[in-house]
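Residue numbers (the UniProt record's numbering), protein chains in the order written: chain D, 1 to 252; chain L, 1 to 252; chain C, 1 to 252.
The C-beta atom is built at its ideal place from N, Cα and C for all residues, glycine as well.
Now the structure itself:
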C-alpha cells in the first residue's frame with residue numbers, strides 16, 4: 001500500500017544512530033527508495049530533524065551527549081508533526097541504556113517503538129534475561145506488554161522476532177514470515193526501524209497500517225534474500241537487493 | 001596515467017570522516033591499492049596528517065570537535081606540503097554544516113573540493129533545494145559556480161553527478177559515464193573523494209590531471225560494477241572488486 | 001577444539017572498537033556463532049563488560065575518552081575474571097596511540113595482545129617503519145619481541161601476518177596459511193582479535209590452545225573465502241560466509 005508512495009516521495013529519514021549499523025541502515029533506506037541522512041551532533045540534530053520526514057532514534061552505541069541530541073531532534077520533530085521512531089537497542093543490557101530510554105520516552109512524544117522482546121520487557125519494567133543487544137529469553141505475555149507500553153506512551157509498539165506484532169494499544173496485528181538468517185546479520189533490526197520510519201513518513205494518519213505494511217515487506221524481503229544466500233555474508237548483500245526490487249505484488 | 005603510480009607508491013591517505021562511510025572508504029582505498037588510515041581525534045589528527053600523503057576532510061557526521069581535528073590536520077598537512085581534499089557532505093543541509101565548511105575553507109588551504117551540485121551551491125552561497133546529503137534540485141550554471149569557488153579558494157573543484165566537472169578556476173574538464181546505481185549506495189561520493197585524494201597524492205604538481213584521471217577511472221569502475229549487479233547490494237561489492245582490478249587500459 | 005563449544009555457548013563479546021570496523025567485527029562474530037555487543041560509552045563500559053564473556057579493546061579510532069572507557073571496562077572485566085583482548089591498532093603511528101596502549105597495558109591486566117609486526121615493535125619500544133595502521137617494514141626477531149612482551153605483561157601475544165605466531169612467554173606456536181586478500185579488506189585483523197576473544201572466552205585456562213585454534217580456523221576461513229572470490233569486495237562477503245560454515249574438520 002505504502003511502498004509505491006514511499007518510492008514516489010523519497011522521504012528524508014533522519015537517523016541518530018550507532019557506529020555499528022549506520023552504513024547498513026543508510027544503504028537499506030537508499031535501496032528501498034528513501035533518502036537517509038545520519039546527523040547526530042547536538043549542534044544540528046534539531047535542524048536536521050526539522051527538514052526530514054521522519055526521525056529515527058537508535059541507542060545502539062549511546063553516549064550521554066547522544067541522548068541530548070536525540071531529545072533535541074525529537075522535540076523539534078514533535079513541534080513540526082514529524083513522526084519519531086525509537087529503537088531501544090539493548091535497553092535492558094545496562095542501567096545507563098534503560099535510564100536513557102525511559103528519559104527519551106518521557107521527554108519526546110515517540111510515534112512508534114520498534115524493539116525485540118527483551119527490549120520491550122526492559123521498557124515495561126519486568127524481569128528478562130536479555131543478553132547484550134539480543135532478545136534473550138524470558139516468560140511474558142508479549143502482546144499484553146506491548147499493549148501496556150503502547151497505552152502508557154500513547155504510541156505504536158512493534159515487537160519483532162520470529163513473529164512480529166504491532167499495536168496501537170487497542171488493535172493488535174501479527175505478521176509471520178522472515179528467515180533465521182535475519183538474526184545472523186548485525187543491524188537487521190536497526191534497519192527495520194528505519195524502514196518502518198520511511199513507511200510511516202508517507203502514511204499520514206494511517207501509521208498502524210504503514211507499520212504493518214513495512215513489517216510484512218521486510219519479512220518477505222528477508223525470505224527472498226535467504227533463498228539466494230549461502231550464509232550471513234551474502235544474505236546482507238541480497239537483503240539490500242531485495243529491498244531494492246521488492247513490490248507490493250511480492251506479498252501476494 | 002596515475003593509477004599505476006598509485007599502486008606502486010601505495011600512498012597513505014588520512015581520512016577524518018564520518019561513521020556512515022568509514023568502512024566503505026577504507027575498503028575502497030585498499031581495493032584500489034592505496035593505504036587508508038582513519039584518525040579523527042584532536043589528540044592525533046595533526047601527527048597522523050604529517051606522516052600521510054594526502055588528507056581527506058569529510059563532514060558527513062560532523063561535530064564541533066571534528067571541525068577542530070580537521071583544522072589541526074589541515075594546518076599540519078599544509079605546513080608539510082601535503083594535499084588536502086575537502087568533502088563538504090550536505091553542506092547546505094543545516095547552518096552548522098555550512099558554517100563549518102566555510103570555517104575550514106577559511107583556515108585550511110584546501111587543494112581540492114569534491115562535492116555534488118547542492119554542496120557547491122551552498123559553498124557559493126546561492127539558493128538551492130538540497131535534500132539532506134543528496135544533491136537536490138536547483139537552477140544554476142554549475143560550471144560558473146565551480147569556476148568562482150575554485151578562484152575564491154585557490155583550489156581545484158570537482159563537481160560530480162551524471163556528468164563530472166573539474167576545474168582549477170581556468171580550465172574546465174568534463175567526464176561522462178558512470179551508472180545510476182552509484183546514487184543508490186551510501187558513500188559512493190565520499191569514497192570518490194578519497195580516491196581523488198589518492199591520485200592527487202602521487203601527482204606532484206599535476207593535480208588537475210590526476211583528479212580528471214581519478215574521476216574517469218571511478219566512472220568506469222562504476223560501469224563495470226553495474227554490468228555485473230542486480231541491485232545496490234551487490235553493486236557495492238562489485239565496485240570494490242572493480243577498483244581492485246581496473247587498469248588504465250579499461251579507459252580506452 | 002573450541003569452535004563447537006563457542007557455537008554452543010554463544011559467548012557475549014563486548015567490543016570497545018573503532019568506527020571503521022565495528023560493523024564487520026559484529027557481523028564476523030555473529031557469523032561465527034558468538035554474540036557481539038559494541039558499547040564504548042564511559043557511562044556503561046564497565047557494566048557491559050561485567051555481563052560479557054570477553055572484552056575486546058581496539059584503539060583503531062581512539063579518543064582520550066575511549067581510553068577511559070577501555071580502562072573502566074578492563075578493570076571491571078579483570079575483577080570478574082573475564083578475559084581481555086587488546087588490539088593496539090596502529091600503535092606506532094602516533095605518539096598518542098603509543099602512549100594510550102602503554103597506559104592501558106599498565107592499568108589493565110590484558111589476557112592477550114593481538115597485533116601485527118609493527119604494532120608489536122611499537123609496544124616493545126624498538127624502531128620500526130610502520131605505515132598508518134599497516135604492519136610496515138622492519139628488521140627484528142619477532143619471536144624474541146613477542147616473548148619479551150608476553151613476559152613483561154604476563155599475557156599471551158599473538159602476532160599475525162603471512163605466518164601467525166602466538167606465545168605465552170614460554171611456548172611459541174606458529175600457524176601458516178591464509179591468503180593475501182586478507183590484507184586488502186579493512187578490519188580483517190580487528191575481526192581476528194574479536195574471533196580470538198570468542199575462542200578464549202570458552203576456553204577456561206586453555207587460553208593458548210584456544211588462541212591457536214582461533215588463528216588456524218581464521219586462516220582456513222580466509223583460504224576458503226579467497227577460493228571463491230574475484231577481489232576484496234566479494235572476499236569480505238565470502239569470509240563471513242566461511243566463518244559461518246567452517247567446522248573443525250576443515251582444519252584436517
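What does DSSP give as the partner residues of residue i in its beta bridges?
i, result
"residue 167 of chain L", "L:157, L:172"
"residue 14 of chain C", "C:37, C:55"
What do you get for residue i, buried or exposed, if any count of 16 or more other CB atoms within 10 angstroms of its CB means buried?
i, result
"residue 152 of chain L", "exposed"
"residue 87 of chain D", "buried"
"residue 171 of chain D", "exposed"
"residue 58 of chain C", "buried"
"residue 53 of chain C", "buried"
"residue 81 of chain L", "exposed"
"residue 154 of chain L", "exposed"
"residue 4 of chain C", "exposed"
"residue 44 of chain D", "buried"
"residue 144 of chain L", "exposed"
"residue 64 of chain C", "exposed"
"residue 247 of chain D", "exposed"
"residue 148 of chain D", "buried"
"residue 8 of chain D", "exposed"
"residue 253 of chain D", "Absent from the structure is residue 253 of chain D, since the part of chain D shown begins at 1 and ends at 252."
"residue 95 of chain C", "exposed"
"residue 141 of chain C", "exposed"
"residue 163 of chain L", "exposed"
"residue 225 of chain C", "buried"
"residue 174 of chain L", "exposed"
"residue 106 of chain D", "exposed"
Alpha carbon to alpha carbon, how far is residue i from residue j?
i, j, result
"residue 204 of chain D", "residue 6 of chain D", "12 Å"
"residue 121 of chain C", "residue 181 of chain C", "24 Å"
"residue 158 of chain D", "residue 251 of chain C", "44 Å"
"residue 235 of chain L", "residue 103 of chain C", "43 Å"
"residue 84 of chain L", "residue 194 of chain L", "10 Å"
"residue 126 of chain C", "residue 117 of chain C", "11 Å"
"residue 176 of chain C", "residue 165 of chain C", "9 Å"
"residue 78 of chain C", "residue 112 of chain D", "40 Å"
"residue 242 of chain L", "residue 27 of chain L", "12 Å"
"residue 198 of chain D", "residue 213 of chain D", "11 Å"
"residue 51 of chain D", "residue 12 of chain D", "8 Å"
"residue 17 of chain L", "residue 190 of chain D", "22 Å"
"residue 91 of chain D", "residue 188 of chain L", "33 Å"
"residue 183 of chain C", "residue 97 of chain L", "35 Å"
"residue 229 of chain L", "residue 221 of chain L", "12 Å"
"residue 217 of chain C", "residue 249 of chain C", "10 Å"
"residue 38 of chain L", "residue 24 of chain L", "12 Å"
"residue 32 of chain D", "residue 227 of chain L", "20 Å"
"residue 156 of chain C", "residue 114 of chain C", "9 Å"
"residue 93 of chain C", "residue 119 of chain D", "41 Å"
"residue 89 of chain L", "residue 208 of chain C", "47 Å"
Thinking residue i and residue j are a contact (beta carbons under 8 Å), I'd like their distance in whole angstroms, please.
i, j, result
"residue 62 of chain C", "residue 41 of chain L", "6 Å"
"residue 30 of chain C", "residue 186 of chain D", "6 Å"
"residue 76 of chain L", "residue 124 of chain L", "28 Å between Cβ atoms; not a contact."
"residue 146 of chain L", "residue 167 of chain L", "5 Å"
"residue 210 of chain C", "residue 2 of chain C", "5 Å"
"residue 55 of chain D", "residue 49 of chain D", "5 Å"
"residue 178 of chain L", "residue 223 of chain L", "7 Å"
"residue 21 of chain L", "residue 60 of chain L", "6 Å"
Going residue by residue through the segment 85 to 120 of chain C, where are the continuous beta strand (DSSP E) segments of at least 3 residues, counting only ones entirely within it? 112 to 115
What are the complete alpha helix (DSSP H) segments, minimum 4 residues, inside the segment 19 to 58 of chain L? Correct list: 22 to 32, 45 to 50.
Report the residue ranges of all alpha helix (DSSP H) runs contained in full by the segment 206 to 241 of chain L; include only those spanning at least 4 residues, in chain order. 207 to 227
For a minimum of 3 consecutive residues, which ranges assigned as the beta strand (DSSP E) are wholly contained in the segment 174 to 205 of chain D? none
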